[in-house]
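Single-structure report; data block below.
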Amino acid sequence: MNPVFSDLPVSIFEIMSLEARARGAVNLGQGFPEVDGFADVREAAGRALMTQSNQYAPMRGLPVLRDAVANFYHRVQGLTLDPDTQVLITSGATEAICVAIFSMVTPGDEVVVFEPMYDAYVPLIRRAGGVPRIVQLSPPHWEFSDDDLSKVFSDRTKLVLITTPNNPTTHCFSREQLSLLGDYCQRFDAWVMSDEVWEEVIFDRTHVSVLHIPALAHRAIKIGSAGKIFSLTGWKVGFVVAEKGLVDQVARAHQFITFATPPALQHAVAYGLGLPQDRFEAARAELKSQRDYLAGLLAEAGFARLPAEGTYFLNVDLVASGVAGSGLDFAYRLVREHGLATIPLQAFCESGRDLPVLRLCFAKSRDSLTQGAVALAAAR
Numbered sequence: 108m109n110p111v112f113s114d115l116p117v118s119i120f121e122i123m124s125l126e127a128r129a130r131g132a133v134n135l136g137q138g139f140p141e142v143d144g145f146a147d148v149r150e151a152a153g154r155a156l157m158t159q160s161n162q163y164a165p166m167r168g169l170p171v172l173r174d175a176v177a178n179f180y181h182r183v184q185g186l187t188l189d190p191d192t193q194v195l196i197t198s199g200a201t202e203a204i205c206v207a208i209f210s211m212v213t214p215g216d217e218v219v220v221f222e223p224m225y226d227a228y229v230p231l232i233r234r235a236g237g238v239p240r241i242v243q244l245s246p247p248h249w250e251f252s253d254d255d256l257s258k259v260f261s262d263r264t265k266l267v268l269i270t271t272p273n274n275p276t277t278h279c280f281s282r283e284q285l286s287l288l289g290d291y292c293q294r295f296d297a298w299v300m301s302d303e304v305w306e307e308v309i310f311d312r313t314h315v316s317v318l319h320i321p322a323l324a325h326r327a328i329k330i331g332s333a334g335k336i337f338s339l340t341g342w343k344v345g346f347v348v349a350e351k352g353l354v355d356q357v358a359r360a361h362q363f364i365t366f367a368t369p370p371a372l373q374h375a376v377a378y379g380l381g382l383p384q385d386r387f388e389a390a391r392a393e394l395k396s397q398r399d400y401l402a403g404l405l406a407e408a409g410f411a412r413l414p415a416e417g418t419y420f421l422n423v424d425l426v427a428s429g430v431a432g433s434g435l436d437f438a439y440r441l442v443r444e445h446g447l448a449t450i451p452l453q454a455f456c457e458s459g460r461d462l463p464v465l466r467l468c469f470a471k472s473r474d475s476l477t478q479g480a481v482a483l484a485a486a487r
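In the working numbering, the protein residues as written are 108 to 487.
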């Protein structure tokens, strides 16, 4: 058995979901909406299933979708991309992350990551033979410093993994933070993989991509997700956007993992990316309304919330809320005694540190959010 995977424990997401199902609990832990999004995009998938080819799609993605991705990013983020050479379609953003790591990292290479982080990063780095170098970020601002970077960058640094907006912290890296990172990447000749799947779920600010930063634009791989853009997380359609040489390298790994992505979904995503901008703004406004509704309930219950800049999540500062003990213990007590599944941010910390912050998903019905707030109040 490969020890990278055989030694992994069952994820907190699976544990909490099983607990929630067994107890009929409200599930504000897993990050998916309770209602499917963008009905006309789903209808487009149905039409494509019956009228378009259902055989293997081109390995790099259908031309219609690669064109749509390039046009979307030009319209929304001002990026100029060649759809033939700078866009690759993958079977979800996690596959994109996997092939980016596998195609870039060789045994002994060091990879800089920022904790809390998406839980797939470190196992994939280790499977590629890489060595994770962890920067620990702390609430409420979740920012890194020049001193933080100086401790983890070295002549062995090959790749840096970032997430912006970040799951689970919700933090969006600023232009200044990304520019500082760019200075280090130039100095140490390192590459960057930027997980930007939440780029269309940002509130009260504008998304800054690694491709907007001059020092990073030619050494960065940007990853996007149709599932997050359209609130259709089960579709697993991802995008890789980068300079031609980087896309070529990532494609070499992609061709031996999933090779191609379901063509009907690709046609539907291409349709969706061409929708008027007000459709995306309306979807974002609805999610912001859900965020603000849950924030209000938590305030009434006396819980201290951390800034929620993007994603489907809102975090509770347990220490500031007067909750004693570890976040993990509180999360177990919530689901077992009060019927509410949540995720403690400790689960996103490879170092195992106790980070007393609790993540709640607000992309749920008002009834679920209300029940969740009641359970939290009862557990204090």
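Backbone N, C-alpha and C define an ideal beta-carbon position, used for all residues, glycine too. Quick caveat, the model's predicted, so the values are computed rather than measured.
Relative to P451, the option among A129, M224 and I196 whose CA is nearest is M224. In the structure shown, S252 falls within a coil segment according to DSSP collapsed to helix, strand and coil. Secondary structure note for T368: it is in no alpha helix (DSSP H), with a DSSP letter that is neither H nor E. N422 is bridged by DSSP to R466. By the 16-neighbour rule on beta-carbons within 10 angstroms, P239 is buried. The three-state reading of DSSP puts I320 in coil, since its state is none of H, G, I, E or B.
Contact annotation, S210 with A360: C-beta distance approximately 4 Å; criterion of less than 8 Å satisfied. Annotation: the continuous alpha helix (DSSP H) that includes P110 extends over P110 to S113. Contact check for V218 against G379 fails: the beta carbons are separated by 8 Å or more. Shown here for T418: same chain residues with a beta carbon closer than 6 Å to its own, the five before and five after excluded, namely P272, N274, T277, W305 and V308 in chain order. The beta carbon of D290 sits closer than 8 Å to those of A322, all from its chain and outside the five residues before and after it, given in chain order. Linking H374 to V194 through their CA atoms gives a straight-line distance of about 15 Å. If you draw a straight line from the Cα of I204 to the Cα of I320, it comes to about 20 Å.
Distances from the alpha-carbon of A129 to those of W249, E457, L447 and V464 put L447 closest. A direct Cα-Cα distance of roughly 46 Å separates Y180 from E444. The Cβ neighbour count for L125, taken over all protein chains shown within 10 Å, is under 16; the residue is labelled exposed.
In the structure shown, L447 adopts extended strand secondary structure according to DSSP, grouped into three states.
Per the coordinates, the alpha-carbon of I232 lies some 39 Å from the alpha-carbon of P383. The alpha-carbon separation between A127 and T449 amounts to approximately 9 Å. Contact annotation: the stretch 325 to 339 touches the stretch 186 to 202, with at least three C-beta pairs closer than 8 Å.
Looking only at G153, T313 and P140, the smallest Cα-Cα distance to K471 is reached by P140. Between T270 and D302, the C-beta gap is smaller than 8 Å, which places the two residues in contact. The residues M211, K265, L266, V267, C292, R326, A327, I328 and L353, in chain order, have a CB closer than 8 Å to that of W298 in the same chain once the five nearest residues on each side in sequence are set aside. By a beta-carbon distance limit of 8 Å, L186 does not contact L288. Their separation comes to about 19 Å. If only complete runs of 3 or more residues are kept, the stretch 319 to 359 shows the beta strand (DSSP E) at 327 to 332 and 345 to 348, in order along the chain.
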